[in-house]
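Enquirer: In the numbering used here, the protein residues as written are 4 to 668.
The beta-carbon is built from N, C-alpha and C at its ideal position, and this holds for glycine as well.
Bear in mind that the values here come from a model prediction, so they are computed numbers and not experimental data.
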Amino acid sequence: MVGRIPIMNVAPLVDLGRQPAKATVGEPFPVTATVFREGHDKLGAEVVLIGPDGRRRPPVRMTKHAEIPDRYEAWVTPDTVGAWSFEVVSWSDPLGTWQHHAALKVPAGVDVELTFTEGALLLERVLASLDPRDPSSADAAQVLQGAVDAARDTSRPPEARLAVLESPEVTGILYTHPIRELLTVEGPYPAYADRQLALFSSWYEFFPRSEGATKDPKTGAVTSGNFQTAAKRLDAVAAMGFDVIYLPPIHPIGEVNRKGPNNTLDPGPEDTGSPWAIGSKDGGHDAIHPDLGTFDDFDAFVARARGLGLEVALDLALQAAPDHPWVTSHPEWFTTRADGTIAYAENPPKKYQDIYPVNFDNDPTGISQEVLRTVRLWMSHGVRVFRVDNPHTKPVAFWEWLLKEVRRTDPDVIFLSEAFTRPAMMHALGAVGFHQSYTYFTWRTAKWELEEYLLEVSHESDHLMRPNFFVNTPDILHAFLQYGGPAAFKIRAAIAATGSPSWGVYAGYELFEHVAVRPGSEEYLDSEKYQIRVRDWDAADREGRTLAPYLTRLNEIRRAHPALQLLRNVSVHWSDDENILVFSKRHTLPDGQSDVVIVVVNVDPHAARETTVHLDMEALGLTEHESFLVHDEITGADWNWTAHNYVRLDPFHEPAHILSVRRAR
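Spelled out as structure tokens, the structure:
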């Protein structure tokens, strides 16, 4: 039923409130609502957060939207992990109504004394409501008493009396101590606050079998790396500033229909196959590939990573090789075709003959319990982050159940959704509990595409899913990187690291690996999905053939600027060149100061571009005609900027300015 002071169209609201909106500890999120009433009297509105402990936080006053009539907004911040809720409260505002009337009547000489009498009575009500236990009440009471005296002092000119009642001191007190009448409450509506890593993280992906692998110079035989050799690479990953090390599946790899190099169907006896073809005589999802080591080796790897400030993310791929133990013990978990064979995975034109998809409709309870058992097994070995392979090919209801079961006992465990699919499915997976999501970022390369996408993920879908901007994956080598040269790698890294609070890099990116298996394909030549790749990291460092210092600097900048650690604070600005992208992020710090970062990127990797950039000064917390100092966090240069600034960006030198504002209000 509509309340006395109607509140409608409350946001954020996910699935009509059946699912909680996305929130993070320490991250402000906006609550908006349409609030209105009959007639011309004023109203007020506020948001009240209710914590996991049931305690109501102090209300936050809502303000009117600058452009949308009757739309109100407030930003609120959860301070602990757990299930939160919020209420929107509206009320009739007699103080606001009186202030509006007095500003019109007193200068016009209409009902002057009656107006002052009504004002005095309202002020006395506020005085009586002050809490004497509050240290600030004494000062507020003194100010309000002076206003009451001015309102009743008929010896003073009406204009002077009104000036006292309209002073900033009085107005400020009345704003924080409103008189609320005819209250309406809508809610509570759910939101869930996750730990900060769910929002702000830097991911690095490598294959343990490749790290520390060796190749015999005479025979060409390759010896697999393992957890012990891969652990030696962790120091370099941590030194680059990454905080999540993501491992593709580490389980036994099927031997039946095993793939050869470059996804061929005729493997040799030494070919290693795809880690995503899970399961063999050596075990399934709850086992480790013998070449990688034992559970003790894995535990040591996790401990080493943790000691370096890295969290280990493990791939959760719910599929099976033809020789997975599940195929024998639970053949009903798969799809049997008319000829009696089990259907392998297909994503036309791609075929995955080495993989059987799991059919959740055949035994949903049995499959669900087995997956939960497997996830908890790896959790018991220190894994608190999972990257989920192709979750959009499994029922959404299953993910809702699984993620709630894990969250119920272990709310710190984080799941990343790898679903490059339709927006509805991507949003649904985020809504039912996935903490982060892969995105379309890889395919957004033009200035206008990036502008639209940055605004979409930060302001339109932020309550549903948190983006993770991976610059590349073992599956995706975009043409921009194939043909853009080293500049393209810098461009994409700069945008990903600053445009999203979470971003990711697949190993080899820093070596500018860019050769596709064939023209028009996004698959790497000699893809690491099908074979071990031996890299000489030391030689690349010695010879300067690495982007590692640049990636390191990007992660340093991210950690130094809280504005870059948030999602919902993106503002897009304008440039006169179709290849110069400009956006900013701003965050108000606890001391009241603003952390402001402006990013200017030449998205053309082939040519220098020069143009004028035009800044929305209000979005930066600055006035229209103000000049301010910016510091380039990449080059160390300083400039005085205004609302309109000349820039020239040469991709063969530095394709991006990442500018911190040194003087801002």
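#1: From the DSSP output, in three-state form, read off Met243 for me.
#2: Applying the criterion that 16 or more other CB atoms from any shown protein chain within 10 Å of the CB defines a buried residue, is Phe655 buried or exposed?
#3: Taking the CB atoms as reference points, tell me whether His395 and Met428 lie closer together than 7 Å.
#4: Measuring only the C-alpha atoms, how far is Arg164 from Gly149?
#5: Using only the alpha-carbon positions, how far apart do Asp594 and His634 sit?
#6: If I measure Cβ to Cβ from Ala491 and keep anything under 6 Å in the same chain, skipping five residues before and after, which residues do I get?
#7: Starting from Ala500, follow the alpha helix (DSSP H) in both directions and report where the run begins and ends.
#8: Does Ser277 pass the burial test, meaning 16 or more other C-beta atoms within 10 Å, or should it be called exposed?
#9: On the CB-based measure, 16 or more other CB atoms within 10 Å of its CB, does Ala563 come out buried or exposed?
#10: Can you tell me which of the three DSSP states Gln2 falls into?
#11: Looking only at DSSP bridge pairs, what is Asn605 linked to?
#12: If contact is defined by three or more beta carbon pairs under 8 Å, each pair taking one atom from either stretch, is the region 193 to 213 in contact with the region 243 to 254?
#13: In the DSSP assignment, the beta strand (DSSP E) including Ile417 goes from what residue to what residue?
#14: Counting only the same chain and skipping the five closest in sequence on each side, list residues whose C-beta sits under 8 Å from that of Trp404.
#15: Spatial neighbours of Leu554 within its chain, please: CB distance less than 7 Å, with the 5 preceding and 5 following residues excluded, ordered by chain position.
#16: Could you work out which residue in Gly624, Asp285, Pro171 is closest to Ile601 when comparing CA atoms only?
#17: Please report the distance separating the alpha-carbon of Thr344 from that of Leu319.
#18: Glu76 and Pro31: beta carbons closer than 7 Å?
#19: Taking Cβ positions, are Ala144 and Val167 nearer each other than 7 Å?
#20: With distances taken Cα to Cα, identify the nearest neighbour of Thr412 among Val378, Asp299, Leu458.
#21: Quick test of your reading: Gly122 and Lys45, contact by CB under 8 Å. State the CB separation rounded to the nearest angstrom.
#22: Against chain B, with Cβ distances strictly below 7 Å, would Leu528 count as a contact?
#23: Excluding five sequence neighbours on each side, which residues of the same chain lie with their C-beta closer than 7 Å to the C-beta of Asp137?
#24: With H, G and I counted as helix, E and B as strand and the rest as coil, what does DSSP make of Phe203?
#25: Applying the 10 Å Cβ sphere with the 16-neighbour rule, what's the burial state of Ile71?
#26: Taking the alpha carbon of Thr614 as the reference point, which residue from Asp580, Val28, Arg40, Ala224 has its own alpha carbon closest?
#27: Considering only the alpha carbon of each residue, which of Ile10, Val84, Leu16 lies closest to Thr27?
#28: Can you give the Cα-Cα distance for Ser127 and His68, rounded to whole angstroms?
#29: Label Arg668 either buried or exposed according to how many other C-beta atoms from any shown protein chain fall within 10 Å of its C-beta, with 16 as the threshold for buried.
#30: Which residues mark the beginning and the end of the beta strand (DSSP E) in which Leu117 is found?
#31: On the DSSP letters alone, give me the boundaries of the beta strand (DSSP E) that Tyr178 sits inside.
#32: Which first and last residues belong to the alpha helix (DSSP H) in which Phe301 is found?
#33: Between which two residues does the alpha helix (DSSP H) holding Phe401 run?
#34: Applying the criterion that 16 or more other CB atoms from any shown protein chain within 10 Å of the CB defines a buried residue, is Glu373 buried or exposed?
#35: Quick check on Val435: does DSSP put it in helix, strand or coil?
Expert: Short version:
#1: coil
#2: exposed
#3: yes
#4: 10 Å
#5: 21 Å
#6: Phe483, Leu484, Pro608
#7: 482 to 502
#8: buried
#9: exposed
#10: This structure cannot settle anything about residue 2, because the visible part of the chain is limited to 4 through 668.
#11: Ile583
#12: yes
#13: 417 to 421
#14: Ser371
#15: Met243, Ala496, Val508, Glu513
#16: Gly624
#17: 25 Å
#18: no
#19: no
#20: Val378
#21: Not really, about 14 Å apart at Cβ, beyond 8 Å.
#22: Going by chain labels, chain B is absent from the structure shown, which holds only one protein chain.
#23: none
#24: coil
#25: exposed
#26: Asp580
#27: Val84
#28: Note on identity: in this sequence residue 127 is Glu, with Ser being the wrong assignment. Rounded to the nearest angstrom, the two C-alpha atoms are 31 Å apart.
#29: Residue placement at Arg668 cannot be trusted, given a pLDDT of 44 that sits under 50; what the coordinates show is reported in the next sentence. Answer is exposed; the Cβ neighbour count stays below 16.
#30: Careful: Leu117 lies outside any beta strand (DSSP E), inside the alpha helix (DSSP H) at 115 to 132.
#31: Not the beta strand (DSSP E): Tyr178 falls in the alpha helix (DSSP H), residues 171 to 179.
#32: 298 to 310
#33: 399 to 412
#34: buried
#35: coil
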